[in-house]
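**Student:**
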Amino acid sequence: MSAVVSPIRKPLITGNKTYHQITEDLISPTEKTPTKEWVLGFVLSVAVLTFGVFCIIWTIWVGIGSWNLNRTINWSWDITNFVWWIGIGHAGTLISAILLLFRQKWRTGVNRAAEAMTIFAVMCASLFPLIHMGRIWLAPFILPYPNTRGPVWPNFNSPLLWDVFAISTYLTVSLLFWYTGLVPDFATVRDRAKGFRKKIYNTLSFGWTGSAKHWQRWESLSLVLAGLSTPLVLSVHTIVSFDFATSVIPGWHTTIFPPYFVAGAIFSGFAMVLTLMIITRKLLHLEDYITIEHIESMNKVILLTGTIVGVAYLTELFISWYSGYVYEQFAFFNRALGPYWWSYFGMMFCNVVAPQFFWKKSWRRNITLTFFLSIVVNIGMWFERFVIIATTLARDYLPSSWSLYSPTWVEIGIYVGTFGLFFTCYLIFARVAPVVAVAEIKHILKTGGNQYVGENAKRAHHHGDHESDHH
Amino acid sequence: MKHKTDNIWIGQKDLVQDQEFLSTVDSEFNSDSSTLADATSSLSGNRRDFLKFLGFGLGAATIAAGCDIPVKKAIPYVIKPDEIVPGIANYYASSFVNGGDYCSILVKTREGRPIKIEGNALSPVTKGGTSARAQASVLSLYDTNRIKGPQVKDGARWKDTTWQEIDKMMVPTLSSNGIRIISHTNMSPTSKKAIAEFVAKYPNTKVVTYDPVSASALLDANQLNFGVRAVPSYHFDKASVIVSFNADFLGTWISPIEYAADFAKGRAINDVTKASMSRLIQVENHMSLTGSNADNRILVRPSEQGVAIAHLYNEIVGGGPSSDGLNDKAKKAISKVASELKSKQGSSLVVSASNNVSEQLMINAINNALGNYGTTLDISMPSYQRQGNDTDLKAFVDDVKSGSVDLLLVYGANPVYDTVYGKELGDTISKIKNKVSFATVMDETSALCDVIVPTHHYLESWGDVEVKKGQYSLIQPTISPLFNSRQAEESLLKWCGSSTVDMMSEQPYYEYLKDNWKNTMFGGQNGYATFQGFWDSALHDGIYSQNSASSVAYTSAPLSGGITKPSKSEIEISFFETVHLANGQYAGNPWLMEMPDPVARTSWDNYLAVPVSFDGFRNMVGFNDLVDGDVVEIQVGEKSMKVPVIQQFGQMPGTVSLALGYGRTEAGNTGSNVGQNVNDCITKGENGPQLYNTAVTVSGKVDKTKEFACVQYHHTIGVKGVDNKTGEVINADEAALVYFDYFTGATGFQGALTDRSVIYTSNVKDVAENAESLKHKREHAQHLNAQQIYGGFDDKYALGHHWGMHIDLNACVGCGACTIACMSENNVPVVGRKEVSRHHEMTWLRIDRYYYGDVNNPNTVYQPMMCQHCDNAPCENVCPVNATNHSAEGLNQMAYNRCIGTRYCANNCPYKVRRFNWLDYTKADLWPINQPTLRNESTPFMADNLTRMVLNPDVTVRSRGVIEKCSFCVQRIQEGKLTAKIEGRSLLDGDVKTACQTACPTNAITFGDFNDHEGTLNKKLESPLTYIALEEINVRSSVNYTMKVNNRDEALDA
């Protein structure tokens, strides 16, 4: 990892930082009393989460009949939300694993938060397959374990079972990866802490001492986990897409789904990372660590994946026409022109048209536009899943069974509740752990080699002046 | 061991500190532990542990057991009745009768409970067919609203009383001047005898008979022409051209089970190269069940029915009343029909539901002129299924108004609701001093009576029926009366002090019935030497036929009164009887209330059928721009009401229609206040009610119904209309599916709704050609399926049984008997209006109804749709827990206990036949709080122990959160296999019949074994019209359909 020192390379961290400053900047948020914004956000999140929990209890108590699903549309918001959250949960591992393997050093600025986001998103996602069951209390039936019922094993042909394995593996590996990264940082927190707090962080850091052996093992483990996670990034959403692709329903039964879903997942995941990063860097004053360069890089990924998704949409349309099969043709006709035309339109606009703004460099580097478009992309990706799931089911083979769907307050409540869960977790995370990987970012401090001289130094000073003007 | 310091001692030796005792106490564990260790060295537990475990185990078991649903009542027989073997069903022949509705049936009883109605194949009238009404009648036995015993009115409240009190109370009232017995059609000779005895004793008695939907004019016309006041026997199978003026003979008119079976015979296509079938031409304004099965529909306004008949009369007989006022299109079409009829002398049939005597006389004259008497209709064997007399009813109402009636006995009738005089009768009935009702459940009339002396439900009764001249059938009880009821005839006989019956016997009416049969029917036969032999045989068969046909000659009669005058009003409303509720007689039955109307596919309300037309571009435009579920205000005569709307294809422009039978106020929890009562909107004609009204206004949309309970949102499969830009005929259906065109002007793409491999249709002219094209399509699909990467499935089921089904779409008339039979057989829950409106209906078997052809006057196809038991089932491989899987006999099975409710199977079912228990419909949850009610009843429907008596013990009741679906009546398959095994033989073709199959009046459904090469199923599959819905997706469905063939004459459309 010997960095090439070159004045040509742009620095990855701005602001003329020293190692100590980095520690100060990144660890101090865990040490201060929470800000007003944090408290407000936390109260709000917990309130929303509480309502979500109430809606889930209501669902389990009353039955799935408290949702507006029907004999034709047996999945809608539940699985839409599931796929959406799983998609969002893709960026973290991609950033930490694939970008690690590709030696994309800028990733260290955002990987910690992105990984945390992944874990929380996967938590939100895995809620839905559980609560959408008619009899959640029998959920253990889905697990393959020796039992006294024969034994009866789960159906290994079912994509839903593959989901169970895919998601649980993904969650486990992501969690391990995230925690591995946190160990040296927890040690740093511990070293600065006193009393009981010190004890807690000592436990959390597994007694990390920072010895060379520790670092060597830590690096090896990171690489192993990165190697393990890399195929997972591709497999999880591939398997989620099998829920649809292996079915017999026109509009679901397509071979394009795995790459299309993975691209879409990265697309939405990066958008969500951007949304969160832009807020976090502002609130925690991390502009020097999460820089415009980061935003621009991620916008490039969004532009690429958004365009891949767009190509996939057009391919789908072409193939449906080219198939010469009426049901297939009708499925896409119905998506675009049927009763849910607005969701198809929303999907096309948000996912394909909106990211095209990022062809222009200055727009890629515009924080306001990026923030706005990152939200637009996530709305678009939600629409995409709704189009695939509800619109497709609403009108399939037999016209007699066509139906329509709109959610009940319970379904909306559960969806909103997952935001509560997500932000509650994220806010706690931002309080107890450094949101930027301290140990890792220190590696790249001197990558550019010109932090102390030249333009960057000037700009940093300028930036500093600017900051001090405010205070 | 330590010496005790407290004062606790065990025994006297302990108290005195006996050393020997203390040493044994000390050594107790030591000595034991050494021996124990030897014996069970691997166990570390001791006595205390054992007790702990025992305690824990008991406690855990108690807690676990406490969580389970306790078995409440399971009482073994002390003395087992001979004929009852637990787990084995007994069948008793009986007859379903309700007024003029008749069906010869077998009642399936389990452990002494009637649980299912089957058709009686021995009956020459119904021939083993049933109707939805007959199927559902078993539920009315267990109606929680049944009157539990004799009651008298005490002020505004009902008070229980005893039969002795009642009988004592009746004595003085019987000597009064004006006694009336009012009833619907009564087909029972023995009941009539009992009434006759009563009338003989009290000569001031008059018997008033009416029908809720009157056929009085038809009877009167036959009285004038033939001297027989009855309905002729129609033979729809022998007619090659059938013209029906508004007679819904396949759904509701007189004897639909019989007519549907005959009609289907005339529609069968045995050889596609020489295909021929009868042609049905329906003249009507509202799409009735019969109209939907018709080849051609001639649209006339309700008030034009008279002139339409007159026009045909003039064309065929001549010299009739003027047909002025008939719309030109209909006039032309009827002229063409007339020439076709004339060419089919003796093999045509004209029927009418008109309630105008002159019009019915014209119909008789037309049939006579065509030489149809003796061939397609037969008055020598008249049917007694309608006996009502409108004149008598009118006179009765006048008598009530004038106060000349002192005692009213209401016997199986509800005149306050189901007559056109309902309102005035309700207002004036209080003038009658004594009003006695024999009702089994409370109704509008009984509520206004003073005394209710409940009669038995027919499944608890003895009785007989003379459905046609010489065609008798018996009613026998299949359960002892559930409540303190007494047969109405027994009451009458008791009150008139009959000497012909022994009132002290255990079942007086049974003795009376037997005596009557001994004296009448027994004498007319020579098959049996003893009466007992004759009786046992008749009771066993349920029927007894006597050849007593006598030829009757036609004598022409002058047209006695005017015919219906065409109205000039802008809009007319017609009223129609529904298959499921009749004129409200069945409104209290939840199965029938929830049964979707076969044509409109709506339930739990009467929806105003409004015409709909294609705008030539994008939309199906309803009358007044109304769309499904809009609420309008409608003014009929003086009555104003708000009703929801359904766009009805085939509804004549300028007319709207509303169903009878709704808006009852006293019909128990299910039937009360559902929809609007339109009986008081019916035109009171000169000599009887006419089911339409011309004084009607319909507002625009005033509201939107919250619960639009319609089970089918998309009604058409490729209807064609004219594009108003190009003038070309386009697929109107497809164009109307465009909701938004992104400003491209897209009008849909052609084909996706006509080429769906779900329904195949053909005109009878083109059937050979279409059969050929179907063959190519099927070959193509099978070729595609052969390309699969997985091994075939066919050899998998080559041994043993491989169950399959064949459904003949040409035979299916859509009556819905099978759907109710399925609910009854398989314990399918009723979910209520709200749940139906959310598309949560639970029906395992539904009948999809599609319109095709001309958008303005379409043809219809009915497709019974249930689980197709695919041999490559998409539902099975997606279930994560293997809850749905395939049997070795090709059945797609559900293991309810295993189901966790992911609903993936339901999504992946191409036929959308899987049903999810969204809520606790069957009340099987541990807690009662989430049990949905049908209509806010205190004990939810299906939670009530009385209602639950109807459940089939062979079929699991499903709990909330699991998927269910058609099982091909696996319990019947199992029963058939076991019977064969016990009898030491192999299973024969026809041993196993599904509930839908046995219910069907037209034998449209055939269940069987694909591996039985000689079986009926395989015979049916040989037809080149056979197809599999969605064959090309390789799910390998086990249900085969046949192409729907119509005999539409395009010339009539011009």
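Protein sequences appear in the order of chains A and B.
Residues in the first sequence are numbered consecutively from 4, following the working numbering.
Residues in the second sequence are numbered consecutively from 322, following the working numbering.
We treat Cβ as the ideally placed atom computed from N, Cα and C, and that holds for glycine.
In the DSSP assignment, find the unbroken alpha helix (DSSP H) run with C424 of chain B in it and report its ends.
**Tutor:** Segment 422 to 431 is the beta strand (DSSP E) holding C424 of chain B; no alpha helix (DSSP H) there.
**Student:** Figure out for me which residue from B:Y1348, B:K835, B:D645, B:S535 has the closest Cα to the Cα of G420 of chain B.
**Tutor:** The shortest C-alpha separation from G420 of chain B is found at B:S535.
**Student:** Roughly how many angstroms lie between the CA atoms of V920 of chain B and T611 of chain B, to the nearest whole one?
**Tutor:** C-alpha separation (whole angstroms): 10 Å.
**Student:** For a cutoff of 8 Å on Cβ pairs, would you count W218 of chain A as touching chain B?
**Tutor:** Judged by the 8 Å Cβ criterion, W218 of chain A is not in contact with chain B.
**Student:** Output, in chain order, the set of chain A residues within a Cβ distance shorter than 8 Å of P1231 of chain B.
**Tutor:** What P1231 of chain B touches in chain A: V251, I252, D399, Y400, L401.
**Student:** Do the stretch 214 to 232 of chain A and the stretch 240 to 256 of chain A touch if we need at least three Cβ pairs shorter than 8 Å?
**Tutor:** At 8 Å Cβ cutoff, the stretches do not touch.
**Student:** Give the range of the beta strand (DSSP E) segment to which E636 of chain B is assigned.
**Tutor:** Premise fails: E636 of chain B lies in the alpha helix (DSSP H), 626 to 637, not in any beta strand (DSSP E).
**Student:** Could you list the residues in the stretch 120 to 131 of chain A with a C-beta less than 9 Å from some C-beta on chain B, going in chain order?
**Tutor:** Those residues of the stretch 120 to 131 of chain A that come within reach of chain B (Cβ to Cβ, closer than 9 Å) do not exist; the list is empty.
**Student:** If we define contact as Cβ-Cβ less than 8 Å, is S5 of chain A a contact residue for chain B?
**Tutor:** Annotation note: pLDDT 46 at S5 of chain A (below 50); position unreliable, no value reported.
**Student:** Whole angstroms are fine: how far does the CA of I1221 of chain B sit from the CA of F1331 of chain B?
**Tutor:** One C-alpha to the other measures close to 33 Å.
**Student:** Any C-beta of chain B within less than 7 Å: which residues of the stretch 151 to 181 of chain A qualify?
**Tutor:** Cβ contacts with chain B: V155, P157, N158, N160, S161, P162, L163, L164.
**Student:** Where does K665 of chain B sit, in a helix, a strand or coil, going by DSSP?
**Tutor:** Three-state result, K665 of chain B: coil.
**Student:** Could you give the distance in angstroms between the alpha-carbon of L357 of chain B and the alpha-carbon of T421 of chain A?
**Tutor:** Because L357 of chain B sits at a pLDDT of 45, beneath the cut-off of 50, its placement in the model cannot be relied upon, and the following sentence gives the value as read from the coordinates. Straight-line Cα distance between these residues: approximately 59 Å.
**Student:** Against chain A, does I1221 of chain B count as a neighbour if the rule is that its beta carbon must be under 8 Å from one of theirs?
**Tutor:** Yes, contact with chain A.
**Student:** Are the Cβ atoms of L104 of chain A and V439 of chain A separated by less than 8 Å?
**Tutor:** No, Cβ-Cβ distance for L104 of chain A and V439 of chain A is not below 8 Å.
**Student:** For A1227 of chain B, which residues in chain A fall below 8 Å Cβ to Cβ?
**Tutor:** Going along chain A in sequence order, the residues near A1227 of chain B (Cβ under 8 Å) are R74, N77.
**Student:** Taking F131 of chain A as part of the alpha helix (DSSP H), name the residues at either end of that continuous run.
**Tutor:** Note, F131 of chain A: alpha helix (DSSP H), 114 to 134.
**Student:** Could you please give the first and the last residue of the uninterrupted beta strand (DSSP E) stretch that includes K1365 of chain B?
**Tutor:** Element bounds for K1365 of chain B: 1365 to 1367.
**Student:** Quick check: what's the CA-CA separation for T594 of chain B versus Y793 of chain B?
**Tutor:** So the two alpha carbons sit approximately 42 Å from each other.
**Student:** Is the CB of V329 of chain A under 8 Å away from at least one CB in chain E?
**Tutor:** Absent from the structure is chain E; the protein chains it does hold are A and B.
**Student:** Tell me which same chain residues have a C-beta within less than 7 Å of the C-beta of K437 of chain B, skipping the five on either side of it?
**Tutor:** Same-chain partners within the cutoff: K429, V459, S1145, E1146, N1273.
**Student:** Tell me, which residues are paired with S565 of chain B by DSSP?
**Tutor:** Answer by DSSP bridge pairing, in chain order: B:Q603, B:V672.
**Student:** Comparing the C-beta of R1077 of chain B with each C-beta of chain A, is any distance below 8 Å?
**Tutor:** Chain A, which has a Cβ nearer than 8 Å to the Cβ of R1077 of chain B, makes this yes.
**Student:** Just checking my contact of Y531 of chain B with T740 of chain B at CB under 8 Å: how many whole Å lie between their CB atoms?
**Tutor:** Confirmed, about 6 Å.
**Student:** Is the shortest distance between the beta-carbon of L1351 of chain B and the beta-carbons of chain A less than 8 Å?
**Tutor:** Output row for L1351 of chain B: interface = yes.
**Student:** Rounded to whole angstroms, how far is the Cβ of E299 of chain A from the Cβ of R195 of chain A, which I believe are closer than 8 Å?
**Tutor:** In fact, because the Cβ distance is near 33 Å, the residues do not count as touching under 8 Å.
**Student:** Could you check whether M1163 of chain B and V1176 of chain B sit closer than 8 Å to each other, using their CB atoms as the reference points?
**Tutor:** It is not a contact, given that the beta carbons lie outside the stated cut-off.
**Student:** So which residues of chain B does M136 of chain A contact, with C-beta pairs closer than 8 Å?
**Tutor:** Here the neighbours are I1221, G1222, T1223, G1282.
**Student:** Got a sec, what are the start and stop residues for the alpha helix (DSSP H) G383 of chain A sits in?
**Tutor:** Looking at the DSSP string, the run of the alpha helix (DSSP H) that includes G383 of chain A is 370 to 389.
**Student:** Given that a residue counts as buried once 16 or more other Cβ atoms are within 10 Å of its Cβ, and exposed if not, what is W344 of chain A?
**Tutor:** It counts as buried.
**Student:** Under the three-state reduction of DSSP, which class applies to F897 of chain B: helix, strand or coil?
**Tutor:** In the structure shown, F897 of chain B sits in a strand (DSSP, three-state: E or B).
**Student:** What span of residues does the alpha helix (DSSP H) with H1207 of chain B cover, start to end?
**Tutor:** Careful: H1207 of chain B lies outside any alpha helix (DSSP H), inside the beta strand (DSSP E) at 1205 to 1207.
**Student:** Where does W218 of chain A land, buried or exposed, given buried means 16+ other C-beta within 10 angstroms?
**Tutor:** W218 of chain A should be labelled exposed.
**Student:** For F944 of chain B, which of B:D1169, B:A1350, B:V953, B:V933 has the nearest alpha-carbon?
**Tutor:** Checking every option, the nearest Cα to that of F944 of chain B belongs to B:V933.
**Student:** Run down chain B in chain order and give the residues with a C-beta less than 8 Å from the C-beta of W405 of chain A.
**Tutor:** Neighbours of W405 of chain A on chain B, chain order: Y1034, H1035.
**Student:** List the residues of chain B whose Cβ lies closer than 8 Å to the Cβ of L396 of chain A, in chain order.
**Tutor:** Residues of chain B passing the Cβ test: N1228.
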